[in-house]
Amino acid sequence: MSEQQPEPALAGAEMATRYDPQQVEPRWAAEWVDRGYFTADPSSGKPPFCIVIPPPNVTGRLHVGHALGRTIEDALVRRARMQGFEALWLPGMDHAGIATQVVVERKLREEGIERRDIGREAFVERVWAWKEQFGGEIVDQIKRMGASCDWTRERFTMDEGLSRAVRVAFVRLHEAGLIYRGERLVNWCPTDRTGLSDSEVEHDEVEGELVTFRYPLSDGTGSIEVATTRVETMLGDTGIAVHPGDERYAALVGRTVTHPFDGREIPVVADHHVDEEFGTGAVKVTPAHDPNDFDIAQRTGLPLMNIFDAGASLNDAVPVEFRGLDRYEARKAVRDRLDQLGLLVSEERPYLHAVGHCYRCHSEIEPWIAGLQWFVKVSGLTGPARQVVEDGRLRFAPERWQRPYVTWLDDLRDWNISRQLWWGHRIPAWYCPDGHVTVAITDPDACAECGSAEISQDEDVLDTWFSSQLWPFSTLGWPDDTEDLRFFYPNSVLVTGYEILYLWVARMVMSGLFLMDDVPFRWAVIHGLVRDQQGRKMSKSLGNVIDPMEMIDRYGADALRFSLARAATGGQQDIPLSEEAIEGGRNFANKLWNAARLVLRAYPGGEPVLPPAARHTLAERWLLSRHQRCIAEVDVAFDEFRFADAAQTLYRFVWSEFCDWGLEFEKGRLDAGGAEGEDATQLLAWVLERTLRLLHPIMPFITEEIWQRIGLPEPEALAIASWPGGDTSHTDPDAEAALTQVQAIVTAVRQFRSKHGISPKERFDALAGVPADTLEAVTGQADSALRLAGVTLDVTTLDTPTRDGWTTVTLDQGFVQLPPGLFDTGAERARLAKQRDGVASDLERSAKKLANAGFTSKAAPEVVQQERDKHERLGVKLDAIDAQLAQL
RNA sequence: GGGCGCGUAGCUCAGUGGGAGAGCGCUCGCCUCACACGCGAGAGGUCGCAGGUUCAAAACCUGCCGCGCCCACCA
């Protein structure tokens, strides 16, 4: 830290009442990186732990979904680092083909420039320039979150190394016969003017129409009715199909109908795909614009008739009156024309059906023949990808994601990887005039087959996801055999949202297994989508978008991180988040800050030393025991990727246990000063310090800042301190039980005061009775807890005579007596009566249970004994209340 | 058409076979010398519905109802 050194130790007294993340976070974010804590060293001798970041789009901005993923990743990596792993979190960005191209195109258009006007080379240059200038904002945003990435290893999917990896991967797959070129119908986006893979098409219900119309038989003997949701495609019909076994149409197969607009004679064919039950049992066949029809045409030899241009407007293949119309205008025009000719049979509108949409721009997809395209043949890749989850080499958390993953693999069709874009990895295939294809890693000078020097490279680029699927190993140096690759592959964990389970996760597994012969990662941690409090998707139009940068400005990165971690429950599919929740995270940070202020007020600095056990008070034994349980619970929660549980456990420990009881008990000792005060201070600092370590993966900034103020001689930062755990020596069930007694006493007195409206200023005496075996432990402790609240307490055993005229509050095990004159008798009678009702009904239920022979004979003995104890306790309590009521 | 998830306090969610919980919100009382971004005390729930298993069900099984999501070439 060049300008602002972290505060030295002993700064407790200088700590402000309010924690201010803005003064802390930027300093540490820079300092950790500058000191090289996050730079991984594969030769350290430590075991590896590696996560690669899901690379965000270069043009992207951090949204709250990213914030969730990065929080989870950072928590895992920081904990692993503290646990002694050589932890690498490898960052980088994705060129994001379509998305980026569209963004830059839009910017250029604002300058009055069309990409086709300036040409491919100039356009790509503009994208690079744009990327250099405006891209990467998201990197700074990730840094602000406190992400412990190794920025020295930052990668980009189109940097030199990764571009080479893409070519090698392409060539290797091609050599293995797993990449081929073919002409097929592709999912065409008429807006982005490129083909898409099946995974990039989203199916949404739309309110369309179902139009039924007639094709007259060419011989004038009748007609055939067909139905369609896209009546405009009838312009491209080249056949009518019926089921081979359908007797209604058997006589028509082989005959023709006449196209009403252009007079073409169209054959009636038989094909098994047709469902006799549906509609009229006859189907119009548009091979060039429907995948099923394409298949039918392949089987029956019907010709293809392409009626659309790349923008999905009608081309010159259709009658003049329709040319140039876009598909929606055409739909109406064709329908009207059919109506005029008296061929329209019926219309159903609205007709709900699913229509494919482009995942980037949401235009309706047009199945279209876009020339020769490259495909990945998945049949050779899915088997191993399924196998590794079945034999546990790759595991999902939560486990339920395994099933959809396997199901998807089972149904997978070949992957179209050609994109008619300019921004991306150009397909490493060259063609000569004779039609030979040369596929090569480095640009060839001549055709590999005929030696022709007249070769030209494929105009298309590869699907963005083709390079993303290599990310877990290409970033580590593949195809070279690097030290990083050997050490950090397979990655330990991959963290991502379920929306790219197929698009990305499954493909990394397939390519990793094929190219690296091993899974890309051992765990796939799948999280939900962050939604608003009503469960709605965040969108600008709804105005419910939570901008993580704004939240960091307002509440701090720790607050954001904590609230995200706490919300990531995994039980439900998605994650609701509200600004109030983040405010809760901020409040928690402030609570921790103030607890530290109190503990460190008189702390001398240095490593906290736990006083010998013999000097621990009951409350201290309790605190250490609870703290130890907290460590164990947090540890297991992290191991099982239950981030919400880890956060919740820490919240409860810090707030409800450490602060609410621990610090309240210890205030007396702290104030006492001297040896007693030193013991208390050391013990609290010891617990605090370990708690900071536990909390650090989720809230790195505030924990580091406080930790520095404790002033340990080493290590120099919490970020590289060790993870607590393992030790169980402080577990102390006796202390926990005894303290439960104390809490009951303290609560009873507080309730009494509150119920009777006794002013906090009013001081009074009280007497508590507890079982003999906890008397010694409880004595003093209960008194010290209450003294601050203006109550002087005597503690005695249960069998000591009670004080005449005092009112008794009956506890589960013991009682509290309060002096007369403090309260209204009527109110007290009401309080007791209410309590009696509760106890009486519990007692009745317990008695019934014990009277049930089935229960006493079949239930586990310890459960029955527990019930007997409870019954007895309730009986004693009821008697005590009755006695008290009688006195009033 | 196939699959998945969820219905528990006003809201968002924990809780997987033995006495209904948390955070926020709400009510009452407190500026108690760490914290009002706080402290203390409360109110509030036929655990979606109906059957079943069990001595015992919010939890396990079956069916139904409701909400959300994913996959899918019924025109």
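The opening position of the first sequence corresponds to residue 1 in the numbering used here, with each subsequent residue numbered one higher.
Positions of the beta carbon are idealized from the N, C-alpha and C atoms, including for glycine.
Keep in mind it's a predicted model, so treat the numbers as computed, not measured.
Subject >> Whole-angstrom distance between E364 and Y328, CA atom to CA atom >> reply: Taking C-alpha positions only, Y328 is separated from E364 by approximately 11 angstroms.
Original post:
For C659, does the three-state DSSP call read helix, strand or coil?
Top reply: DSSP places C659 in helix when its eight states are reduced to three.
Subject >> For V318, three-class secondary structure by DSSP >> reply: V318 falls in the coil class under three-state DSSP.
**OP:** From the DSSP output, in three-state form, read off P8 for me.
**Re:** Residue placement at P8 is flagged as unreliable, the pLDDT there being 42, under the threshold of 50; the coordinate-derived value follows with that caveat. Of the three classes helix, strand and coil, the one that applies to P8 here is coil, per DSSP.
Original post:
Which same chain residues, not among the five before or five after R386, have their C-beta less than 7 angstroms away from its C-beta?
Top reply: Listed in chain order, the non-local C-beta contacts of R386 below 7 angstroms within the same chain comprise V406, L409, local neighbours out to five positions each way being set aside.
Original post:
Run through DSSP, which three-state label would T681 get?
Top reply: Reduced to three states, the DSSP call for T681 is helix.
**OP:** May I have the straight-line CA-CA distance separating A11 from R669, to the nearest angstrom?
**Re:** Any reading at A11 must be qualified, since the residue scores a pLDDT of 46, below 50, and its modelled position is unreliable; the value itself is stated next. Take the alpha-carbon of A11 and the one of R669: they are about 21 angstroms apart.
**OP:** Go ahead and pull the three-state DSSP assignment for G36.
**Re:** The answer is coil: DSSP assigns G36 none of H, G, I, E or B.
**OP:** Report the residue from L412, I455, W504 whose alpha carbon sits nearest the alpha carbon of P472.
**Re:** Of L412, I455, W504, the residue nearest in Cα terms is W504.
Original post:
Among A270, E828, M510, K143, which residue has its Cα nearest to the Cα of R957?
Top reply: With the chain running from 1 to 888 in the structure shown, residue 957 is simply not present.
Original post:
Which of helix, strand or coil does DSSP assign to A13?
Top reply: In this prediction, A13 has a pLDDT of 49, which is less than 50 and means its spatial position is unreliable; nothing more can be read from the coordinates.
**OP:** From the DSSP output, in three-state form, read off T617 for me.
**Re:** Taken through DSSP and simplified to helix, strand or coil, T617 comes out as coil.
Original post:
Run through DSSP, which three-state label would G371 get?
Top reply: Residue state, collapsed to three classes: strand.
Original post:
For G342, does the three-state DSSP call read helix, strand or coil?
Top reply: In this structure, G342 counts as coil in the three-state DSSP scheme.
Subject >> DSSP three-state assignment for M1, whether helix, strand or coil >> reply: With a pLDDT of 36 at M1, under the threshold of 50, the predicted position of this residue should be treated as unreliable, and no value is reported.
Subject >> 6 angstroms Cβ shell around L88 - same chain, five flanking residues per side excluded >> reply: Result list for L88: A40, C50, D150, F488, in chain order.
Original post:
Taking C-alpha atoms, which residue in T258, Y555, W422 lies nearest to P267?
Top reply: Ranking T258, Y555, W422 by Cα distance to P267 puts T258 first.
**OP:** Determine the contact status of H627 and F653, defining contact as a CB-CB distance below 8 angstroms.
**Re:** Closer than 8 angstroms, so yes.
Subject >> Residues bridged to I240 [DSSP beta-bridge criterion] >> reply: In DSSP, I240 forms a bridge with V268, K284.
**OP:** Give a yes or no on contact between the stretch 513-528 and the stretch 459-476, applying the rule of three or more CB pairs nearer than 8 angstroms.
**Re:** Under the three-pair Cβ rule at 8 angstroms, the stretch 513-528 counts as touching the stretch 459-476.
Subject >> Residue interval of the alpha helix (DSSP H) (run including R126) >> reply: Where R126 is concerned, the enclosing alpha helix (DSSP H) stretches over 115-134.
**OP:** On a CA-only basis, which of D293, R299, G477 is nearest N306? Give me that one, please.
**Re:** Closest option to N306, Cα to Cα, is D293.
Subject >> Straight-line Cα distance separating A675 from R803 >> reply: Going from the Cα of R803 to the Cα of A675 covers about 37 angstroms.
Subject >> Helix, strand or coil at C630 according to DSSP, with G and I counted as helix >> reply: The answer is helix: DSSP assigns C630 an H, G or I state.
**OP:** With a threshold of 16 other CB atoms inside 10 Å of the CB of R61, please say whether the residue is buried or exposed.
**Re:** With fewer than 16 other Cβ atoms within 10 Å, it is exposed.
**OP:** Let me know the secondary structure DSSP gives K537 once reduced to three states.
**Re:** In the three-state reduction of the DSSP assignment, K537 falls in the strand class, which pools E and B.
Original post:
Closest to Q708 by CA distance: which of L90, W593, D635 is it?
Top reply: Nearest option by C-alpha distance: W593.
Subject >> Spatial neighbours of E3 in its chain, beta-carbon cut-off 7 angstroms, leaving aside the 5 residues before and after >> reply: Annotation note: pLDDT 38 at E3 (below 50); position unreliable, coordinate value reported separately. Here the set comprises nothing.
**OP:** Report yes if the CB atom of T703 is closer than 8 angstroms to the CB atom of L718, and no otherwise.
**Re:** For the pair T703 and L718, the CB atoms are nearer than the 8 angstroms cut-off.
Original post:
Within 10 angstroms of its Cβ, does T464 collect 16 or more other Cβ (buried), or is it exposed?
Top reply: With 16 or more other Cβ atoms within 10 Å, it is buried.
Original post:
So, V186 versus W368, is the Cβ gap smaller than 8 angstroms?
Top reply: Yes. Within cutoff.
Original post:
How do the stretch 795-815 and the stretch 761-779 stand: do at least 3 beta-carbon pairs fall below 8 angstroms, yes or no?
Top reply: The stretch 795-815 makes contact with the stretch 761-779: 3 or more CB pairs, one atom from each, lie closer than 8 angstroms.
Subject >> Option in G342, G556, K877 with minimal Cα separation from Q23 >> reply: When each option's Cα is compared against that of Q23, the closest is G556.
Original post:
Between the stretch 88-99 and the stretch 168-182, are three or more C-beta pairs nearer than 8 angstroms?
Top reply: These segments do not touch.
**OP:** Give every residue of the same chain whose Cβ lies closer than 6 angstroms to the Cβ of W28, excluding the five residues on either side of it in the sequence, and list them in chain order.
**Re:** Once the five neighbours on either side are set aside, the close Cβ partners of W28 are F701, E704.
Original post:
G711 and G606: beta carbons closer than 8 angstroms?
Top reply: Annotated as proximal: G711 and G606, with beta-carbon spacing under 8 angstroms.
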